[in-house]
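*Asks:* If you scroll down you'll find the structure; I have some questions about it.
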Amino acid sequence: MLVLGIETSCDETAAAVVERAADGSGRILSDVVLSQIDDHAAYGGVVPEIAARAHVEALDGVVARALADAGVGFDDLAAVAGTAGPGLIGGLLVGLTTAKALALAAGKPLIAVNHLEAHALTARLTDRVAFPYLLLLVSGGHTQFVAVDDVGRYRRLGTTVDDALGEAFDKVAKLLGLGYPGGPAVERMALAGDPARFALPRPLIGRPGADFSFSGLKTAARLAAEEAAPLSDTDVADLCASFQAAVTDTVADRAARAMDIFVDGGERGGVLVVAGGVAANKALAAALKTVADDKGFRLVVPPAKLCSDNGVMVAWAGAERLARGRTDDFTAPARPRWPLDPEAAARVGGGARGQRA
Ligand code: KG4
Ligand code: ZN
Numbered sequence: 562m563l564v565l566g567i568e569t570s571c572d573e574t575a576a577a578v579v580e581r582a583a584d585g586s587g588r589i590l591s592d593v594v595l596s597q598i599d600d601h602a603a604y605g606g607v608v609p610e611i612a613a614r615a616h617v618e619a620l621d622g623v624v625a626r627a628l629a630d631a632g633v634g635f636d637d638l639a640a641v642a643g644t645a646g647p648g649l650i651g652g653l654l655v656g657l658t659t660a661k662a663l664a665l666a667a668g669k670p671l672i673a674v675n676h677l678e679a680h681a682l683t684a685r686l687t688d689r690v691a692f693p694y695l696l697l698l699v700s701g702g703h704t705q706f707v708a709v710d711d712v713g714r715y716r717r718l719g720t721t722v723d724d725a726l727g728e729a730f731d732k733v734a735k736l737l738g739l740g741y742p743g744g745p746a747v748e749r750m751a752l753a754g755d756p757a758r759f760a761l762p763r764p765l766i767g768r769p770g771a772d773f774s775f776s777g778l779k780t781a782a783r784l785a786a787e788e789a790a791p792l793s794d795t796d797v798a799d800l801c802a803s804f805q806a807a808v809t810d811t812v813a814d815r816a817a818r819a820m821d822i823f824v825d826g827g828e829r830g831g832v833l834v835v836a837g838g839v840a841a842n843k844a845l846a847a848a849l850k851t852v853a854d855d856k857g858f859r860l861v862v863p864p865a866k867l868c869s870d871n872g873v874m875v876a877w878a879g880a881e882r883l884a885r886g887r888t889d890d891f892t893a894p895a896r897p898r899w900p901l902d903p904e905a906a907a908r909v910g911g912g913a914r915g916q917r918a
């Protein structure tokens, strides 16, 4: 079963063809990702209007290349999957409308994919992880623990009450003049820094539940930077290392809680999957490995390229849904907000902060 997947929810224009066999295994036939980082770099973050226009210009070429790389045509496809949300509405409309048009023209079923579900299911493609498992989704827009019970069945166990973790990395990087996206730059600088130089807070450590909060840590990093200014290269490296150490301590503590909630007094152990762009952070993965080992969990971190936004995950989520007979009709809307767990109450109000949380 071959599925074409299209991803345009943020600043990557991506398309891929993935095969899902009857035994549930998968194979990536193509994986095309066109990053818009250069278009947004001057603004220090993603500009929604620029992103939407860039998707319009690039998407048909990206889809054509995904099919050519896979060596297949529209007739070979079982379905066309497109990200329908959550994300930036302009980009979502471009990708979803394209997916609908291709599905209609080729006479194939359409699958309107939830971007978070796509991140959530990637580990089943890369590592054949069985349900249920615990997911830590850490990206520029989302930071949450989710119990993945089955395709389409998710329970949110914890979430950020303010900033997403990737967003906190990006803001600290911006304040230190390290450019966008900030996560990789902060990680690189941290390698040469002293994590004990600045005493930054570890928000929510030791508290019940598995929620996150990063805005206080981000502010503390800003105040420390202002106090130490003008900043030498050593100061910047020490700040990055101190910030990253606070983050890894916090996430490790929250992960330990989430694993306890996940097993709910039952048998020890399970699988902890990490997804989203921040999953590429080696220090974070190492800290998570330690707590996962301690709790008898197997830690699964898909390759970095499949943790950040891509078309493969959308194609795969489409294939998983299709295998269960779940397709969508052409009225499927683009949804800027689309929580995985509809029962989970919003931790913060509406607007950008609510959407991110
Ligand atoms: O999943 P993603 O590609 O896009 C969405 O936000 O959906 O995640 C991008 C985020 C950015 O905030 C970026 O700074 C962060 O992931 N990131 C990292 C690293 N690589 C990417 N954060 C920390 N360490 C990294 N190595
Ligand atoms: Zn994402």
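Position 341 (the sequence shown) corresponds to 902 in our numbering; numbering is contiguous.
Each residue gets a CB set at the ideal place from its N, CA and C atoms; glycine is no exception.
Could you tell me which residues DSSP puts in a beta bridge with I672?
*Replies:* Along the sequence shown, read from residue 1 onward, the residue named residue 672 stands at position 111. I672 pairs with A642.
*Asks:* Can you grab the Cα-Cα spacing for the pair L883 / P756, in whole Å?
*Replies:* For the purposes of this step, residue 883 is identified with residue 322 of the sequence shown, where counting begins at 1. For the purposes of this step, residue 756 is identified with residue 195 of the sequence shown, where counting begins at 1. If you take the alpha carbons of L883 and P756, they lie about 47 Å apart.
*Asks:* Any heavy atom of ligand 2 closer than 7 Å to the CB of S596?
*Replies:* The residue you call residue 596 lines up with position 35 of the sequence shown. Outside the cutoff, so no.
*Asks:* E904 by DSSP, collapsed to three states: which one?
*Replies:* Translated into positions along the sequence shown, residue 904 becomes position 343. Residue state, collapsed to three classes: coil.
*Asks:* For ligand 2, any of its heavy atoms closer than 7 Å to the Cβ of G879?
*Replies:* For the purposes of this step, residue 879 is identified with residue 318 of the sequence shown, where counting begins at 1. G879 Cβ: outside cutoff for every heavy atom of ligand 2.
*Asks:* Whose C-beta lies closer than 6 Å to the C-beta of G713 among residues of the same chain, with five residues either side of it excluded?
*Replies:* Position 152 of the sequence shown, counted from the first residue, corresponds to residue 713. Same-chain partners within the cutoff: there are none.
*Asks:* Just confirm the distance between the C-beta atoms of G777 and P769, as a whole number of angstroms; I'd bet it's less than 8 Å.
*Replies:* Within the sequence shown, residue 777 is the residue found at index 216, counting from 1. Within the sequence shown, residue 769 is the residue found at index 208, counting from 1. That belief does not hold up - the Cβ atoms of G777 and P769 are roughly 18 Å apart, past 8 Å.
*Asks:* Would a C-beta distance cut-off of 8 Å place V797 and M750 closer than the cut-off?
*Replies:* Against the sequence shown, residue 797 aligns to sequence position 236. Against the sequence shown, residue 750 aligns to sequence position 189. Yes, Cβ-Cβ distance for V797 and M750 is below 8 Å.
*Asks:* Going by the C-beta, is N675 closer than 7 Å to any heavy atom of ligand 1?
*Replies:* Taking the sequence shown and counting its residues from 1, one reaches residue 675 at position 114. Taken from the Cβ of N675, every heavy atom of ligand 1 lies 7 Å or farther away.
*Asks:* What's the C-alpha gap between G668 and G634?
*Replies:* Mapped onto the sequence shown, residue 668 falls at position 107. Mapped onto the sequence shown, residue 634 falls at position 73. Each residue's alpha carbon lies about 13 Å from the other.
*Asks:* Quick one: Cα of P863 to Cα of L677, how far?
*Replies:* Taking the sequence shown and counting its residues from 1, the one referred to as residue 863 is at position 302. Taking the sequence shown and counting its residues from 1, the one referred to as residue 677 is at position 116. Here the C-alpha atom of P863 lies approximately 15 Å from the C-alpha atom of L677.
*Asks:* Give me the Cα-Cα distance between G743 and A734, rounded to the nearest whole angstrom.
*Replies:* Residue 743 sits at position 182 when you count from the first residue of the sequence shown. Residue 734 sits at position 173 when you count from the first residue of the sequence shown. Distance between the alpha carbons of G743 and A734: 5 Å.
*Asks:* Considering only residues of the same chain and omitting the five flanking positions on each side of S596, which have a CB-CB separation below 6 Å?
*Replies:* Translated into positions along the sequence shown, residue 596 becomes position 35. Within the same chain, S596 has close Cβ partners E573.
*Asks:* Looking at H616 and T658, is the spacing between their C-beta atoms short of 8 Å?
*Replies:* Start at 1 with the first residue of the sequence shown, and residue 658 comes out as number 97. Start at 1 with the first residue of the sequence shown, and residue 616 comes out as number 55. In this structure, H616 does not lie closer than 8 Å to T658 by Cβ.
*Asks:* Span of the alpha helix (DSSP H) holding E610?
*Replies:* For the purposes of this step, residue 610 is identified with residue 49 of the sequence shown, where counting begins at 1. Going by DSSP, E610 is part of the alpha helix (DSSP H) stretching over 609-631.
*Asks:* May I have all residues whose beta carbon comes closer than 5 Å to any heavy atom of ligand 2, sorted in chain order?
*Replies:* S700, D870
*Asks:* Pull up the distance between the alpha-carbon of R614 and that of G652, whole angstroms please.
*Replies:* As a position in the sequence shown, residue 614 is number 53, starting the count at 1. As a position in the sequence shown, residue 652 is number 91, starting the count at 1. Taking the straight line from one Cα to the other gives about 8 Å.
*Asks:* What does the alpha-carbon distance come out to for the pair T892 and S793?
*Replies:* Here the question's residue 892 lines up with position 331 in the sequence shown. Here the question's residue 793 lines up with position 232 in the sequence shown. Taking the Cα positions, T892 is about 55 Å away from S793.
*Asks:* With a cut-off of 8 Å on the beta carbons, I'd call V699 and A840 a contact; round off their distance for me.
*Replies:* Stepping through the sequence shown from its first residue, residue 699 is reached at position 138. Stepping through the sequence shown from its first residue, residue 840 is reached at position 279. With a Cβ gap of about 6 Å, V699 and A840 count as contacting.
*Asks:* DSSP state of G859, grouped into three classes?
*Replies:* Position 298 of the sequence shown, counted from the start, is the residue given in the question as residue 859. The amino acid at residue 859 is misidentified as Gly; the sequence shows Arg. Strand at R859.
*Asks:* When you measure from the CB of A876 to every non-hydrogen atom of ligand 1, does any distance come out below 7 Å?
*Replies:* Here residue 876 refers to the residue found at position 315 when the sequence shown is read from its first residue. Every heavy atom of ligand 1 is 7 Å or more from the Cβ of A876, so no.
*Asks:* Would the C-beta of V608 count as close to ligand 1, meaning under 7 Å from any of its heavy atoms?
*Replies:* Residue 608 sits at position 47 when you count from the first residue of the sequence shown. Closer than 7 Å to some heavy atom of ligand 1: that does not describe the Cβ of V608.
*Asks:* Which residues share a DSSP beta bridge with R581?
*Replies:* Sequence index remark: in the sequence shown, residue 581 carries index 20 (1-based). DSSP lists G587 as partners of R581.
*Asks:* Could you please give the first and the last residue of the uninterrupted alpha helix (DSSP H) stretch that includes R818?
*Replies:* Start at 1 with the first residue of the sequence shown, and residue 818 comes out as number 257. Membership of R818 in the alpha helix (DSSP H) is indicated by the continuous run 794-824.
*Asks:* If you drop the 5 nearest sequence neighbours on each side, which residues of the same chain put their C-beta closer than 6 Å to that of F730?
*Replies:* If you number the sequence shown from 1, residue 730 lands on position 169. So the qualifying residues of the chain are G743, G744, V747.
*Asks:* What did DSSP end up calling D854 once you bin it into helix, strand or coil?
*Replies:* On the sequence shown, position 293 is the one that residue 854 refers to. Here D854 sits in helix by DSSP.
*Asks:* Where L736 and P762 are concerned, what is the direct C-alpha to C-alpha distance, given to the nearest angstrom?
*Replies:* By one-based count along the sequence shown, residue 736 stands at place 175. By one-based count along the sequence shown, residue 762 stands at place 201. Near 18 Å, if we compare the C-alpha coordinates of P762 and L736.
*Asks:* Just to check, is the beta-carbon of A639 closer than 7 Å to a non-hydrogen atom of ligand 1?
*Replies:* Taking the sequence shown and counting its residues from 1, the one referred to as residue 639 is at position 78. Every heavy atom of ligand 1 is 7 Å or more from the Cβ of A639, so no.
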